[in-house]
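Counting from 1 along the sequence shown, just add 1270 to a position and that's the residue number in the numbering used here.
Written out below as structure tokens is the structure these notes cover.
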Amino acid sequence: MCGDKSLHHKVLGQRLNQSQGFSPRSKNGITVTVMKCTNCQLIYSNPQPIPFDIQDHYGIPPENYWKPEYFQYDANYFKQEIDQVKKLMDFKPGMKALDIGAGLGKCMISLSRAGFDTYGFEPSESFYQMAVDKMKIDSGRLKLGAIEVMDYEKNFYDFITFGAVLEHLYDPAASIEKAMQWLKPGGIMHIEVPSSRHLLAKIINLYYTIIGTTYVTNLSPMHEPFHLYEFGLKSFEEHARALGNYAIRFHEFYVCTLAPFPGFTHPVLSWVMQKTNSGMQLAVWLQKK
Ligand SMILES: [Zn+2]
């Protein structure tokens, strides 16, 4: 994200190509080295395994990827994010929005209901088909394809969102740069990603160190959900400086799930994560200059 290719970065440890659990030494498989950029706090794997075809990772039926509840649309879905966007721009009904990695199209439904003229694209064929067939997303507004091959008019959109998408892309910096071209000057881009300051990951990594291994829990470069990166706020600050055409207007950290830890620890963990900005997810709202 900061463009530092010196590779004098910190080695965090090794990551298996499956869930590691309490006893990763008892599992077999292949590992990659997980690294952290000391300049911009980006966590990435080196080497970076790339599938022959993106459908190898995401071409699976959505029922296998998410639970049946996921197909239920909730009217509050993405509401908080839309409210934040409207605070940052002079919103008028009919403004144009683009959802990158639209998934089943729930965010597109919320954006349309909030008054945006909404478009989207999705790289997974099975998700795309499910969005059109089951969620009734207009196929004239939703395209099938990956960001690397997608093209839209420059300076066209007022709002663009990457929700839970950027961590799956092989070149997040180039993806933001490309999508920024589609955004109008003054337009807002929302990005939500896994945070590289996540407290629970640090606790689990400490456990792996105590039991005498070099494993870390960060990323999932070779298994579901295929997270290739974790980001710090500094990743976006450095990228904004390098690219020069946007500024960070607002950011938030979210605790999200505490599920791997026993219930009695949740109140204190949640409190610490909120106080120290070490929740699981980071959301940023960027404004194009
Ligand atoms: Zn960096």
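Glycine included, every Cβ here is placed at the ideal spot set by N, Cα and C.
Non-local C-beta neighbours of HIS1509 in its own chain, meaning closer than 6 Å and more than five positions away in sequence, comprise MET1271 and ALA1443, ordered along the chain. For the region 1296-1381, the full-length beta strand (DSSP E) segments reaching 3 residues or more read 1301-1306, 1313-1316 and 1366-1370 along the chain.
Contact between LEU1498 and GLN1318 holds: CB atoms are separated by about 7 Å, below the 8 Å threshold.
In this chain, the beta strand (DSSP E) harbouring TYR1524 covers 1516-1524.
Under the three-state reduction of DSSP, PRO1393 is assigned to coil, being neither helix nor strand. Residue pairing by DSSP places GLN1284 opposite THR1303 and TYR1485 in a beta bridge. According to DSSP, SER1465 shares a beta bridge with PHE1501. Listed in chain order, the non-local C-beta contacts of GLU1437 below 8 Å within the same chain comprise VAL1463, PRO1464, HIS1497, LEU1498, TYR1499, GLU1500 and PHE1501, local neighbours out to five positions each way being set aside. A heavy atom of ligand 1 is found nearer than 7 Å to the CB of GLU1508. Relative to ligand 1, even the nearest heavy atom lies 7 Å or more away from the CB of CYS1526. About 25 Å separates the beta carbon of ILE1352 from that of ALA1416, a gap too long to meet the 8 Å contact definition. In the three-state reduction of the DSSP assignment, MET1420 falls in the coil class.
The Cβ atoms of GLN1557 and ARG1511 do not sit closer than 8 Å to each other. Distances between the C-beta of LEU1503 and the heavy atoms of ligand 1 are all 7 Å or more.
With three or more CB-CB distances shorter than 8 Å, the region 1404-1416 counts as touching the region 1379-1389.
Separation of SER1276 and SER1396 (C-alpha to C-alpha, rounded to the nearest whole angstrom) is 39 Å. Under the criterion of beta carbons closer than 8 Å, PRO1338 and TYR1485 do not qualify as touching, at roughly 33 Å. When beta bridges are read from the DSSP output, VAL1554 appears opposite ILE1461 and HIS1521. A distance criterion of 7 Å places the beta-carbon of CYS1377 beyond contact range of ligand 1, judged by its closest non-hydrogen atom. Beta-bridge partners of LEU1412 (DSSP): GLY1390.
Per DSSP, the unbroken beta strand (DSSP E) holding ILE1430 starts and ends at 1427-1433.
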